[in-house]
Structures are given as structure tokens and as C-alpha cells.
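J.: Please see the structure below; I have some questions.
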Ligand SMILES: [Zn+2]
């Protein structure tokens, strides 16, 4: 029998499939053809059926479905180390908003690409990105080009904001809502949705948009069947402002205007009560849990266990580097578990398997891609990563899922494949000059911080002169 041709064969691996039965294969193999998983079974069977030029022997490795980061602001890579230890309002006004205003198009590309490199090293294969610098169209193009060049699967969103100066939104980030809708129409014409890349609608927060702008966004979403994502109830401000503007809390208000819907991805949900959860359940709203960011900004602890018990579809996000400093999904998974245990003062309130579900198969449901990604199964896209059992950080392994969630670090991830393409092998990114990109990132970030530095609160203790 002549073997069938595959593009890549992975053999002799322990494979955590994340399928419905959560099967883990020992000495498993995967044949990848044209970006999809053509076969997944014991190594002996794959080698009898397939041949490939690229055969990866992963004898001492564990393979997982690619992690899905369902909330990030890639360009915020530039702010790592600038916004430490500030109250949230200062953080917005003196770090993230000025950065967004002063950033230049060519810098947007470098920062976003550096953010994607970090994702690849952490086993991430899908990123939902939210930009908020829309004043020049090429900003979008450079952001999306970086995501495409990285090889990751991406969802690009950019914030619509026509309101909020009285609540601290910088005027430079505000335009009439009709202008944003025009930008979106152009983006959708230029980037029709594919499995690899799609453009979604985004709103920064409910208090950064007028009622008319919100209505227009909903109308555009309905007409184009485009998902929407928004930060909701990151802290107590949303309800406070909603009470001022509308006389009711934020989530009940959003119901009255038809904003709650199955294709809404709600980010943060820290200040979420039982009534909010019931509304989310009623409308099948999807959830993004960003534990490191919630801790970094002192926002609080979202009631994830309650939302999970209500049947909501949950994914994990790192949020941007501005409120995380290390948008590392492995770290975020561990913190995601620990934070809920602390909140409940009960270590049994959540387990490693649920956390891995939130980073893979449930995350895929949270971004409407469960037919394509989120588990390793025949017919699905070949998005995966492998950790090598070669360091004291992870050895010994008794339970691969617990080891990934609680023990693993970026240094253990040696292989990342997205859409059937090897992005990183033996810990080395294959298709990008990482050293050059990181050098450019450092130089650009320093110059950008200088341009933002007119605000006295942006201060640095060290300037990397040797990089020039
Ligand atoms: Zn965010």
C-alpha cells in the first residue's frame, strides 16, 4: 500500500486531545494535511498510512490544542513597565491613552508583531485583539498585517468611541460614530472573514459611546452579522455611570437597547451580580476572564464559578501588556485558577481541567470557532503546541493537564503550529527574525515613551542607551 502524503507528521507524543471525552493518547501521532488534522491515532497506525517530509518525533513531549487568548491589546506591548502601581484612572490617563495617541503606524506593526511572538512562545495559536487607535486607517492595516505575518489565527477589533470626555476619555480618541462605521465598512471590504482572520466590532466601555452610537453599532452588527466585544463592568464605574445616565445598572440597560446577544463577547465582568449572570445566560452572552489584569489594576475578582455554573461559555484573556506586563497564557491559566480558589477560600472550587477547557475548547465556543479549533480531532484545524519534559519546572508529570496549568512556563513550550504551519520548532520561531523584531520593539518603545513623557507621571528609572 502506498502511504498517503501528509504535510507534517507528529509521532510518539502524549496527546491531550480535549475532545468530548477528554482523551489523552500515549504514543499518539497526528497527520496534518492542508492545515487540518487528517488523522490522530496511535503512532503505529499513522506511520502505516502516511508519509511526510516533516516528521517530528515528540517522544518526550506533551501535545495540547493551541491556546486561545480571547482578549488582548497587542500594541500595548509598548507600555510594559510604564504603568506600574497606579490607580486605574491614572493608568488610563497617563499611560495607555497617551501611548495610543502618540503611536506611529510603523511602530504599530512592530509592537503587534512582538506581542504575537510572545503568544507563539506561550503556545497560543489564536488571539482576539482590540486596538483603540483608529484615527489613521493604516494603523488598522499595520496591526492586521502583523497578526497575519505572525502566522497566528486572529480576530481584529477596534474601538468605536464617540463620547466620554467627562469620564476621562481623551478627545483624540473620539470621533463621530458614523466615522467609525465607515472605517469598519472599509475594513470588512478589505478583510473578508476567513478562518485565519476576521474583523469584529468593539466598544471600549459602555460609557465611551452615546446611545445613538450604540444603536448604530448594533444596527451595523445585525446587517453584517458581525460579533461585538466590549469591556463590561471591569470595576464599579460602569454601574455608577449607567445609574447616572440611565437610572439602572449597566447590564440591565444593555438588555433594554438590544445589546445582549449570542454574538457578544463581554470582557471582565468583575462587578457582576446574579441578575447580570441571569441576563447573560438568557441571551447566551460569551465571557472573557482576564485574571492577571483584574489583579494588576486592583479591579476585583469576577464570579467565574457562578458564571460557569450558569452554563456561560467562558474563555481566558491576558488583556493587554499595559495591565499585565507579561501577556502569557500559561501564567494566566494558573492565576485564573488560583484567584477563584482564593475568592471561595476553597481549593476544590475549580480544577485544572476546567481551566484548560476555558483556554481551549470553551474559549473556541466563546469566539464562535468551536467547529474549527479548541480540540485536537480529525477534521479540525491543526492548531497545537508541545511542551518538552526537560526541565525541573515541569518534571515529574503525573497529570499532563495539571502540569500544564500549574507547573509549565514559556520555557517548556518548544513547538507551536497554527493552521498547519510550524511557527516555532525547538523553541525557535521559524519564519520571523525574532532578535531584530525585539531590538526594533525596544527602540520604538523608548522613543514612544519619550513622546508621551511630557506628562510628568510617565517616568522611567532607566533608559536603554546601549540599544542604539
Ligand atoms: Zn482590555
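Residue numbers (the working numbering): 89 to 556.
Glycine included, C-beta positions come from ideal geometry on N, C-alpha and C.
Fair warning: this is a prediction, and the values are worked out from it, not measured in the lab.
#1: Quick one: which unbroken beta strand (DSSP E) runs of 3-plus residues sit fully inside the segment 327-379? Chain order, please.
#2: Is DSSP giving residue 466 helix, strand or coil here?
#3: Which residues bound the beta strand (DSSP E) around residue 512?
#4: Around the Cβ of residue 466, are there at least 16 other Cβ atoms within 10 angstroms (buried) or fewer (exposed)?
#5: Between the C-alpha atoms of residue 362 and residue 425, what's the straight-line distance to the nearest angstrom?
#6: For residue 157, which residues does DSSP report across the bridge?
#7: Rounded to the nearest angstrom, what separates residue 434 and residue 389 at their Cα positions?
#8: Could you tell me the distance, in whole angstroms, from the CA atom of residue 352 to the CA atom of residue 145?
#9: Classify residue 166 as helix, strand or coil using the three-state DSSP reduction.
#10: May I ask whether a heavy atom of ligand 1 can be found less than 6 Å away from the beta carbon of residue 407?
#11: Give, in chain order, every unbroken run of the beta strand (DSSP E) that is at least 3 residues long and sits entirely within the segment 480-535.
#12: Residues in the same chain with beta-carbon distance under 7 Å from residue 207, minus the five sequence neighbours each way, listed in chain order, please.
#13: Ignoring anything shorter than 4 residues, give me the alpha helix (DSSP H) runs that lie fully in the segment 96-145, in order along the chain.
#14: DSSP beta-bridge partners for residue 429?
#15: Consult DSSP for residue 476 and reduce its assignment to one of helix, strand or coil.
#16: Would you check if the distance between the CB atom of residue 558 and the CB atom of residue 461 is smaller than 7 Å?
#17: Examine the Cβ distances between the segment 196-205 and the segment 128-148 and report whether three or more of them are shorter than 8 Å.
#18: For residue 288, which residues does DSSP report across the bridge?
#19: Residues in the same chain with beta-carbon distance under 7 Å from residue 439, minus the five sequence neighbours each way, listed in chain order, please.
#20: Would you report the Cα separation of residue 354 and residue 377, rounded to the nearest angstrom?
#21: In chain order, what residues of the same chain lie with their CB nearer than 8 Å to the CB of residue 554, ignoring the 5 residues before and after it?
#22: Nearest CA to the CA of residue 500: which residue from 478, 310, 380, 154?
#23: Do you know how far the Cα of residue 514 is from the Cα of residue 544?
#24: Which residue marks the beginning of the alpha helix (DSSP H) containing residue 232, and which one marks its end?
#25: What first and last residue would you give for the alpha helix (DSSP H) that runs through residue 448?
T.: With the structure as the only source:
#1: 352-356, 374-377
#2: coil
#3: 509-513
#4: Looking at its Cβ environment, which holds fewer than 16 other Cβ atoms inside 10 Å, residue 466 is exposed.
#5: Going from the Cα of residue 362 to the Cα of residue 425 covers about 21 Å.
#6: 215
#7: 15 Å
#8: 41 Å
#9: helix
#10: Yes - ligand 1 has a heavy atom lying nearer than 6 Å to the Cβ of residue 407.
#11: The qualifying runs are 501-506, 509-513.
#12: These residues qualify, in order along the chain: 157, 215, 240.
#13: 131-137
#14: BP columns for residue 429 are empty, so no partner.
#15: strand
#16: Nothing can be reported for residue 558, as the shown portion of the chain is limited to 89 through 556.
#17: With a cut-off of 8 Å, the segment 128-148 and the segment 196-205 do not count as touching, because too few Cβ pairs lie within range.
#18: The bridge partners DSSP lists for residue 288 are 245.
#19: none
#20: 9 Å
#21: Because the pLDDT at residue 554 is just 47, under 50, the model does not fix this residue reliably, and the point stays unresolved.
#22: The shortest C-alpha separation from residue 500 is found at 478.
#23: Because the pLDDT at residue 544 is just 44, under 50, the model does not fix this residue reliably, and the value given afterwards should be weighed accordingly. Cα to Cα, residue 544 sits roughly 44 Å from residue 514.
#24: 225-238
#25: Where residue 448 is concerned, there is no enclosing alpha helix (DSSP H), given that its DSSP letter is neither H nor E.
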